[in-house]
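One structure is given below, encoded as C-alpha coordinates.
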(Lines of atoms letter the chains of each structure in order from A; the text may use other names.)
(Lines give C-alpha, C1' and ligand atoms only; values in the text may rest on other atoms or scores of the structure.)
Protein backbone atom coordinates (compact mmCIF):
# COMPACT_ATOMS: atom_id res chain seq x y z
CA UNK A 18 0.00 0.00 0.00
CA UNK A 19 1.33 3.46 -0.94
CA UNK A 20 0.73 4.99 2.50
CA UNK A 21 2.83 2.27 4.15
CA UNK A 22 5.71 3.01 1.79
CA UNK A 23 5.45 6.76 2.36
CA UNK A 24 5.42 6.41 6.13
CA UNK A 25 8.78 4.65 5.84
CA UNK A 26 10.32 7.72 4.21
CA UNK A 27 10.81 9.50 7.51
CA UNK A 28 13.14 6.70 8.55
CA UNK A 29 15.14 6.77 5.33
CA UNK A 30 18.67 8.15 5.43
CA UNK A 31 18.59 9.30 1.80
CA UNK A 32 15.97 10.19 -0.77
CA UNK A 33 15.96 10.51 -4.57
CA UNK A 34 13.72 13.56 -4.85
CA UNK A 35 12.88 16.68 -2.86
CA UNK A 36 10.09 19.04 -3.95
CA UNK A 37 9.61 22.39 -2.20
CA UNK A 38 6.85 24.75 -3.24
CA UNK A 39 7.21 28.36 -2.10
CA UNK A 40 9.04 27.47 1.09
CA UNK A 41 12.82 27.82 0.85
CA UNK A 42 12.73 31.61 0.67
CA UNK A 43 10.93 31.65 4.04
CA UNK A 44 13.67 29.73 5.86
CA UNK A 45 15.81 31.87 8.18
CA UNK A 46 19.06 30.32 6.89
CA UNK A 47 18.44 29.07 3.33
CA UNK A 48 22.08 28.13 2.71
CA UNK A 49 21.95 25.78 5.68
CA UNK A 50 18.64 24.37 4.44
CA UNK A 51 20.23 23.63 1.07
CA UNK A 52 23.10 21.90 2.85
CA UNK A 53 20.65 19.68 4.71
CA UNK A 54 18.77 18.91 1.49
CA UNK A 55 22.04 17.93 -0.15
CA UNK A 56 22.88 15.71 2.81
CA UNK A 57 19.66 13.69 2.48
CA UNK A 58 19.63 13.51 -1.33
CA UNK A 59 21.49 10.68 -3.01
CA UNK A 60 24.16 11.69 -5.51
CA UNK A 61 22.23 12.39 -8.69
CA UNK A 62 19.07 13.08 -6.66
CA UNK A 63 16.73 15.79 -7.85
CA UNK A 64 15.74 19.01 -6.08
CA UNK A 65 12.79 20.88 -7.60
CA UNK A 66 11.58 24.07 -5.99
CA UNK A 67 9.58 27.18 -6.74
CA UNK A 68 10.38 30.58 -5.35
CA UNK A 69 9.51 34.21 -5.37
CA UNK A 70 12.62 36.20 -6.25
CA UNK A 71 12.98 39.86 -5.40
CA UNK A 72 15.14 42.25 -7.38
CA UNK A 73 15.81 44.07 -4.12
CA UNK A 74 17.73 42.63 -1.18
CA UNK A 75 15.53 41.87 1.79
CA UNK A 76 16.34 41.21 5.41
CA UNK A 77 14.73 38.64 7.65
CA UNK A 78 12.27 36.36 5.88
CA UNK A 79 10.78 37.12 2.52
CA UNK A 80 12.18 37.00 -0.97
CA UNK A 81 15.88 36.68 -1.62
CA UNK A 82 17.86 38.42 -4.33
CA UNK A 83 17.82 37.26 -7.93
CA UNK A 84 21.38 35.91 -7.87
CA UNK A 85 21.08 34.04 -4.58
CA UNK A 86 19.83 30.62 -5.67
CA UNK A 87 22.33 29.72 -8.41
CA UNK A 88 25.24 30.67 -6.13
CA UNK A 89 23.81 29.01 -3.01
CA UNK A 90 23.02 25.82 -4.92
CA UNK A 91 26.57 25.58 -6.26
CA UNK A 92 28.03 26.27 -2.80
CA UNK A 93 26.04 23.34 -1.42
CA UNK A 94 26.95 20.71 -3.99
CA UNK A 95 24.11 21.12 -6.48
CA UNK A 96 24.29 21.56 -10.22
CA UNK A 97 21.57 23.90 -11.46
CA UNK A 98 19.90 22.20 -14.44
CA UNK A 99 17.12 24.67 -15.17
CA UNK A 100 15.59 27.90 -14.01
CA UNK A 101 12.19 28.46 -15.57
CA UNK A 102 10.61 31.92 -15.46
CA UNK A 103 6.92 31.57 -14.60
CA UNK A 104 6.46 35.26 -13.83
CA UNK A 105 4.11 36.35 -16.62
CA UNK A 106 1.51 33.64 -16.18
CA UNK A 107 1.85 33.75 -12.38
CA UNK A 108 1.33 37.53 -12.21
CA UNK A 109 -1.79 37.37 -14.36
CA UNK A 110 -3.27 34.51 -12.35
CA UNK A 111 -2.51 36.21 -9.03
CA UNK A 112 -3.79 39.59 -10.20
CA UNK A 113 -7.10 38.00 -11.24
CA UNK A 114 -7.39 35.97 -8.03
CA UNK A 115 -6.59 38.80 -5.64
CA UNK A 116 -8.60 41.42 -7.57
CA UNK A 117 -11.67 39.17 -7.34
CA UNK A 118 -11.11 38.62 -3.63
CA UNK A 119 -10.53 42.34 -2.97
CA UNK A 120 -13.67 43.30 -4.90
CA UNK A 121 -15.68 40.99 -2.61
CA UNK A 122 -13.98 42.03 0.64
CA UNK A 123 -17.14 43.43 2.28
CA UNK A 124 -19.01 40.18 1.69
CA UNK A 125 -16.01 38.11 2.82
CA UNK A 126 -15.62 40.15 6.02
CA UNK A 127 -19.34 39.93 6.76
CA UNK A 128 -19.27 36.16 6.37
CA UNK A 129 -15.91 35.32 7.98
CA UNK A 130 -15.18 38.25 10.24
CA UNK A 131 -11.71 38.66 11.72
CA UNK A 132 -10.53 35.35 10.28
CA UNK A 133 -10.50 36.95 6.82
CA UNK A 134 -8.38 40.00 7.70
CA UNK A 135 -4.97 38.43 7.04
CA UNK A 136 -6.13 36.90 3.77
CA UNK A 137 -7.49 40.24 2.59
CA UNK A 138 -4.27 42.00 3.63
CA UNK A 139 -2.37 39.65 1.32
CA UNK A 140 -4.73 40.49 -1.53
CA UNK A 141 -4.36 44.22 -0.86
CA UNK A 142 -0.57 43.91 -0.97
CA UNK A 143 -0.60 41.78 -4.12
CA UNK A 144 -2.72 44.20 -6.15
CA UNK A 145 -1.51 47.44 -4.58
CA UNK A 146 -4.85 48.40 -3.02
CA UNK A 147 -5.16 51.58 -0.96
CA UNK A 148 -2.15 53.22 -2.59
CA UNK A 149 0.30 50.51 -1.58
CA UNK A 150 3.05 49.41 -3.96
CA UNK A 151 2.00 46.35 -5.91
CA UNK A 152 3.87 43.30 -4.60
CA UNK A 153 3.29 41.51 -7.90
CA UNK A 154 5.47 44.03 -9.72
CA UNK A 155 8.45 43.55 -7.42
CA UNK A 156 9.02 39.82 -7.66
CA UNK A 157 9.57 37.08 -10.18
CA UNK A 158 8.23 33.57 -9.89
CA UNK A 159 10.67 30.83 -10.88
CA UNK A 160 11.01 27.09 -10.83
CA UNK A 161 14.45 25.60 -10.26
CA UNK A 162 15.68 22.09 -10.94
CA UNK A 163 19.03 21.01 -9.51
CA UNK A 164 20.95 17.75 -9.32
CA UNK A 165 22.85 16.71 -6.19
CA UNK A 166 26.53 16.26 -7.07
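In the numbering used here, the protein residues as written are 18 to 166.
In this text, a Cβ means the ideal position worked out from N, Cα and C, and glycines have one as well.
- Residue range 85-92 is occupied by the alpha helix (DSSP H) that includes residue 89.
- Residue environment analysis places residue 101 among the exposed positions, since fewer than 16 neighbouring C-beta atoms fall within 10 angstroms of its C-beta.
- For residue 52, the uninterrupted alpha helix (DSSP H) segment begins and ends at 47-57.
- Residue 136 is positioned such that its CB atom lies no closer than 9 Å to that of residue 144.
- Looking at the DSSP output, residue 157 sits in a beta bridge with 70.
- Sequence-distant Cβ neighbours of residue 57 in its own chain, meaning closer than 7 Å and more than five residues away, are 31, 32.
- Beta-bridge pairing by DSSP links residue 100 to 161.
- Beta-carbon to beta-carbon, residue 48 and residue 89 are separated by about 5 Å, close enough to satisfy the 8 Å threshold.
- Judged by beta-carbon spacing, residue 67 lies within the 9 Å limit of residue 159, meaning their Cβ atoms are closer than that value.
- Judged by DSSP secondary structure, residue 44 falls outside any beta strand (DSSP E); it is assigned neither H nor E.
- For residue 145, the three-state secondary structure derived from DSSP is coil.
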